[in-house]
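J.: Line order of the protein sequences matches chains A and B.
When the first sequence is numbered by my numbering, its final residue is 234 and no position is left out of the sequence of numbers.
When the second sequence is numbered by my numbering, its final residue is 234 and no position is left out of the sequence of numbers.
2 protein chains.
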Amino acid sequence: MRASDRAYRTLRTEILDGTLEPGTVLQEVEQSTRLGVSRTPVREALRQLVADGLVDASGRGAVVTAVSRDDIVSLYELREALEAKAAALAAQRGEAIPFLLIRDRLLGAPQLLAQGEPGLAPYFEIVDDLDDAIEEAAGNPFLATALRSVQLHSARIRRLSRHNPERLRAAAGEHLLIVEAILARDAELASHATHVHLHMSLTNALATAPADAPAGTSASDADEGATLGPRVA
Amino acid sequence: MRASDRAYRTLRTEILDGTLEPGTVLQEVEQSTRLGVSRTPVREALRQLVADGLVDASGRGAVVTAVSRDDIVSLYELREALEAKAAALAAQRGEAIPFLLIRDRLLGAPQLLAQGEPGLAPYFEIVDDLDDAIEEAAGNPFLATALRSVQLHSARIRRLSRHNPERLRAAAGEHLLIVEAILARDAELASHATHVHLHMSLTNALATAPADAPAGTSASDADEGATLGPRVA
DNA sequence: GAGAGCTCCAATGTATACACTGATTACGAG
DNA sequence: CTCGTAATCAGTGTATACATTGGAGCTCTC
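1) Please state whether the Cβ-Cβ distance between B:Ala-147 and B:Leu-108 is less than 8 Å.
2) Would you list the one or two residues that DSSP bridges to B:Leu-27?
3) Ignore the nearest five residues each way along the sequence and tell me which others in B:Leu-27's own chain have a CB closer than 6 Å to its CB.
4) Smallest Cα separation from A:Val-56: which of A:His-198, A:Ile-183 and A:Glu-15?
5) Would you kindly report the start and end of the unbroken alpha helix (DSSP H) that includes B:Asn-205?
6) CB of B:Ala-145 to nearest heavy atom of the ligand FMN: below 7 Å?
7) CA-CA distance, B:His-154 and B:Arg-40?
8) Under a Cβ-count criterion, where at least 16 other Cβ atoms within 10 Å of its own Cβ denotes burial, should A:Met-101 be classed as buried or exposed?
9) Taking CB distances under 8 Å as the criterion, tell me whether A:Ser-155 reaches chain B.
10) Give the straight-line distance between the Cα atoms of A:Glu-22 and A:Glu-167, rounded to the nearest whole angstrom.
11) Looking at the C-beta of A:Glu-45, does it have a partner C-beta in chain B at a distance below 8 Å?
12) Taking the beta carbon of A:Pro-99 as the centre, do at least 16 other beta carbons fall within 10 Å, making it buried, or is it exposed?
13) In the DSSP assignment, find the unbroken alpha helix (DSSP H) run with B:Arg-3 in it and report its ends.
14) Which partner residues of B:Asp-1 appear in the DSSP bridge assignment?
15) Cutting at 7 Å between CB atoms, please list the residues of its own chain near A:Ile-103, excluding the five before and the five after it.
16) Please name the residue, chosen from B:Val-51, B:Gln-32, B:Ser-59 and B:Ala-87, that lies closest to B:Ile-183 on a Cα-to-Cα basis.
17) Looking at chain A, which residues of the stretch 49 to 65 of chain B have a Cβ within less than 8 Å of any of its Cβ atoms?
18) In the DSSP output, what is A:Asp-57 paired with across the bridge?
19) Reducing DSSP to helix, strand and coil, say where B:Ser-39 ends up.
20) Which chain A residues are close to B:Glu-78, counting only those with a beta carbon under 9 Å from its beta carbon?
21) Among A:Leu-17, A:Val-38 and A:Val-30, which has the Cα closest to the Cα of A:Met-2?
22) Looking only at its own chain, which residues have a Cβ that is under 6 Å from the Cβ of B:Ala-194, when we skip the five neighbours before and after it?
23) Give a yes or no on contact between the stretch 136 to 147 of chain A and the stretch 89 to 96 of chain A, applying the rule of three or more CB pairs nearer than 8 Å.
24) Mapping DSSP to helix, strand and coil, what is A:Leu-21?
25) Is it true that the CB of A:Glu-175 sits closer than 8 Å to the CB of A:Val-151?
26) Give the residues of chain B in contact with A:Ala-147, contact being defined as C-beta atoms less than 7 Å apart.
27) Candidates B:Leu-144, B:Ala-188 and B:Asp-72: which alpha carbon is nearest B:Ala-206's?
What follows is the structure, encoded as structure tokens:
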């Protein structure tokens, strides 16, 4: 594998899982020594991350972007537009078989979630596979690209939300409804069920994500636009 | 301005206006000599174009992507999802003033289009400004990014469609309705009017765009997936 | 003559040297 | 002490040299 790809994947993973916190400055020389490659592949990786929206490149030095509460709302607005459309297209065009398989797995989700922590990874794998299946079934390469970009940011937000088992069980039910709608070739229901799911998911995310601008914050702090993750010194 | 930016803009412009036809192979050394810069900025430009979806980088050599009829349909599906949402958000949140100005300009569009060729550029400027105003009014940075990506590809398709004045006059009317809906803060109407406009626009694009797979094409040619623009030798 | 393997080369991937720019800091004048 | 200016330098932007890889064409064998 190319060094630039390794650098990109490493940095992206570290940003998504929070190892590199928002506000972290990524300097080319520093990262190249840390990752054991030269500046050239690091530069390519950084440009890619900028294109992904995970890094901000205004002027000197690339900075890991923050995720504000407004960003969460904005992202969910975009997700709704994209995923509702994708679900509708999948209902119209999709093959049944992959969704039948996912339906069976979703039916077992409550048992998984009853296990607590160890069941979380397999549960999210089902959800991710559903996303992939819908993307595939929609048969639209432009939509697929947009969805992948959105999934990247969703992964970051997922980390910020508390995973309470009750919410996840409810989410599994919402996913199940989407799958049923696709299998029934009911595009409108698939679209609306997606809308409902994202609405519930956003509500939960906003309720559990750390607050940007706590009540006692001074006016000047609020003006700066508070964000999740540590402030730069 | 940075050499890499110049290289990117030059190549992008040439791809969008058809100077670089689909299938054209963009080799780093060749382009660097042609553009008068070294390989480094050319590489960055090419990576950016790949991210934009204007260039395909599978294996050796970057190739300007083709635009198939399926791609046109796919792009319009994505546009509908994004632009309908954007129009709805603009109706909810937008400031009136920019849309009042655009409304006035749109009212003059028929006169512009009556001039024939010389009126085309100013007409499209109004449309582009409307797009920008909606993007701005929607106040959603993620949506804005997605819209910009879509506009890039739309610009290519616009070239492929014959501009018959009758269609453009009708389009101006459709745009006007979208603006009125936003000014009336009627999100649903703005969304649906956008849907209508894109439907009409797609119909026109498909009717006037050159066919992919002409009737007399052999089976093997059809299997390869015919596309607009010349085939590589 | 056809096929497999090999050789050579062209093009990309990576490293590094050089150029430039903008920010910071130290110094001097007021 | 403060403000302005200049010098320094850290870090990015660009060019180029070197490494690697994948493929095209040739040859040799069967």
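The C-beta atom is built at its ideal place from N, Cα and C for all residues, glycine as well.
T.: Based on what the coordinates show:
1) no
2) B:Ala-63
3) Closer than 6 Å at the Cβ level, and outside the excluded window around B:Leu-27, lie Ala-63.
4) A:Glu-15
5) 188 to 209
6) Of ligands this structure carries none, so the ligand FMN is not represented either.
7) 26 Å
8) Correcting the residue identity first, residue 101 of chain A is Leu in this sequence and not Met. The residue in question, A:Leu-101, is exposed, as its Cβ has fewer than 16 Cβ neighbours within 10 Å.
9) no
10) Each residue's Cα considered, the two are about 29 Å apart.
11) yes
12) So A:Pro-99 ends up on the buried side.
13) That residue, B:Arg-3, is in no alpha helix (DSSP H); it is neither H nor E in DSSP.
14) Since the first residue of chain B shown is 2 and the last is 234, residue 1 of chain B is not available in this structure.
15) Scanning its chain for C-beta atoms nearer than 7 Å, with the 5 sequence neighbours on each side dropped, one finds around A:Ile-103 the residues Ile-127, Asp-130, Leu-131, Ala-134 and Val-180, in chain order.
16) B:Ala-87
17) Residues Gln-49, Ala-52 and Gly-54.
18) A:Val-64
19) Three-state DSSP puts B:Ser-39 in coil, outside helix and strand.
20) Listed along the chain, the chain A residues whose CB falls inside 9 Å of the CB of B:Glu-78 are Lys-86, Leu-90, Ala-139, Asn-141, Phe-143 and Leu-144.
21) A:Val-38
22) When the five nearest sequence neighbours on each side are left out, the beta carbons in the same chain lying within less than 6 Å of the beta carbon of B:Ala-194 are those of Leu-178, Ile-179 and Ala-182, in order along the chain.
23) Cβ pair count under 8 Å is three or more, so yes.
24) Here A:Leu-21 sits in coil by DSSP.
25) no
26) Leu-79 and Ala-147
27) B:Asp-72
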